[in-house]
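One structure is given here, and the rest of the page talks about it.
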Amino acid sequence: MLAFLLRFDKQVQSWLEMNSSLRSVESKAAKLKQSKDKPTLAQLVDTYNDLGLIDAHNHDASDSKYASMLGTWKSRGVHKVVLFGDVSEPSAIQTDMNAWLAYRQNPEQIIPFFSGFDLHDKWSLDTVKKYLEKGYFGLGEIAAASTVSPVVSKVAWKASDPLDGYLPQIYDLIADYKAPILLHIDPPSGLPVAKLEQALEEHPKTIFIFGHINAYTTPEQVDRLLAKHPNLYADFFAGFSVYDPAGGKKPEQFIPVIKKYADRFMLSTDSGYGLESEELAIDAMYRIIHLLDDPKLARKIAHDNLNAIIRAQPATNTQLELLRQLEQDTGKKYPLENLSKLEAGKILAEMKKG
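Just so we're aligned: 48 in the UniProt record's numbering is position 48 of the sequence shown, and the numbers increase by one with no gaps anywhere.
Pasting the structure below:
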């Protein structure tokens, strides 16, 4: 009962803080809109910082680049980062470890994902289970199909389509953990998307995130997919639509579909792929937020949607066992009943366990 009351009190406090933050953002945004000049990144950060922006797709575990980005994330109001490294190839095993180390060092900011497994090997199921039990929050970026990308099309462990290899069994396994899977699919049409739709229908309890869903596609295509599949979420690579010539530099064309499915969009940098810098990709996320012209809705896309997926994951048996050992070692008691993976992970990171 005490644990329930403490949790309820935290929820009320969080709700009050969120409402206060939204009022502050609304006031600042109204003033910024009055100016005819294009807002600077500094102005956008000052205006929308309280939304709690999360970068939903970041490769900076590769070469441990994240260490040099921590200051930038802080100064640019990127509150949390979904971190992984290489995609569906042997080198991802090491970058998965880098992501975990970053999380252990910065549990309030880093959300570790992983992709270092061969989805054509039956042992991949053991790897996925092991990593989710350890405390990783999701799978990704997984190459579910690629024939066009100059990088992903060449990776060793890519799938031919979203139902290739052991992916169907993986989808069922991760559903038990309430963990999402972030998929790279190119081209975003034809057979790869048809197979994705089949996977979505056959695995309705699995949370699928279509990586950079706005790349080389149209708002109408995105609308069709989201309308048909309630378990599909959209990772919007803002930099592609705002700054990449290949994206048309017309991000406003996506605003109606983002607003229509405001409960299933999230923003990302993709570590600035194809852009001059990752900071420019951060700038682009804020441009999308500004175009939405609705702070309450923008908070869903910038923070709430992904945050809800992460917070809904229960503590794993491995985490709970480590916490029980910690109780025996320290004599301290933890509220193990109904503990989330996020809460368990923070305790273990602080105690340098796991």
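Every residue gets a Cβ at the ideal spot worked out from N, C-alpha and C, and that includes glycine.
- The beta carbon of E141 is closer than 8 Å to those of H57, H59, F84, V87, S88, F113, S115, L182, L183, H184, G211 in its chain, skipping five residues each way along the sequence.
- In the three-state DSSP reduction, N305 falls in the helix class (H, G or I).
- With contacts defined as CB atoms closer than 7 Å, V257 and R287 fail to qualify as a contacting pair.
- In this structure, A302 and L51 form a Cβ contact; the two beta carbons are roughly 5 Å apart against a cut-off of 8 Å.
- Under the DSSP assignment, D283 falls in the alpha helix (DSSP H) whose first and last residues are 278 to 292.
- Closest in C-alpha terms to S91, from the list S62, R311, G274, A312, comes S62.
- Spanning the alpha carbons of Q325 and Q313 requires a straight line of approximately 22 Å.
- In terms of Cα proximity to V155, the closest of L132, F117, D126 is F117.
- According to DSSP, H184 shares a beta bridge with A143.
- For M285 against L267, the beta-carbon gap comes to about 5 Å, under 8 Å, which counts as contact.
- Counting of Cβ neighbours within 10 angstroms places N98 among the buried residues, the total reaching 16 or more.
- From the listed residues D121, L125, D164, P187, the smallest Cα separation to P150 is found for P187.
- Non-local beta-carbon contacts of P192 in its own chain, meaning distances under 8 Å to residues more than five positions away in sequence, involve A144, A145, D161, P162, I185, D186 in chain order.
- The segment 39 to 51 makes contact with the segment 287 to 300, as at least three CB pairs between them are under 8 Å.
- In this structure, A349 sits near P107, with a CB-CB distance shorter than 7 Å.
- With distances taken between CA atoms, Y171 lies nearest to L139 out of T72, Y261, A215, L139.
- In the structure shown, G331 adopts coil according to DSSP, grouped into three states.
- Counting only the Cα atoms, D55 lies some 10 Å from W73.
- Per the DSSP secondary-structure output, N231 pairs with nothing in a beta bridge.
- For R311, the closest of K80, L342, L173, E337 by C-alpha to C-alpha distance is L342.
- The beta carbons of G272 and A281 sit closer together than 7 Å.
- Beyond the five residues adjoining it in sequence on each side, S75 comes within less than 6 Å, by CB distance, of no other residue in the same chain.
- Put simply, of A298, A308, T127 the residue whose alpha carbon is nearest the alpha carbon of V25 is A298.
- Excluding residues up to 5 positions away in sequence, S88, A143, S146 lie with their Cβ nearer than 6 Å to the Cβ of K158 in the same chain.
- In this structure, D270 sits near F237, with a CB-CB distance shorter than 7 Å.
- Contact check for Y334 against L323 passes: the beta carbons are separated by less than 7 Å.
- Straight across, the Cα-Cα distance linking S189 with M351 is about 47 Å.
- Partner residues in a beta bridge of L196, as assigned by DSSP, do not exist.
- The three-state reading of DSSP puts P251 in helix, counting H, G and I together.
- Relative to G135, the option among E278, K178, A308 whose CA is nearest is K178.
- Y103 has its alpha-carbon roughly 19 Å from the corresponding atom of A308.
- Out of I347, D283, H120, the CA that lies nearest to the CA of L41 is found in D283.
- Nearest to W123 by alpha-carbon distance, out of L132, Y166, P245, is Y166.
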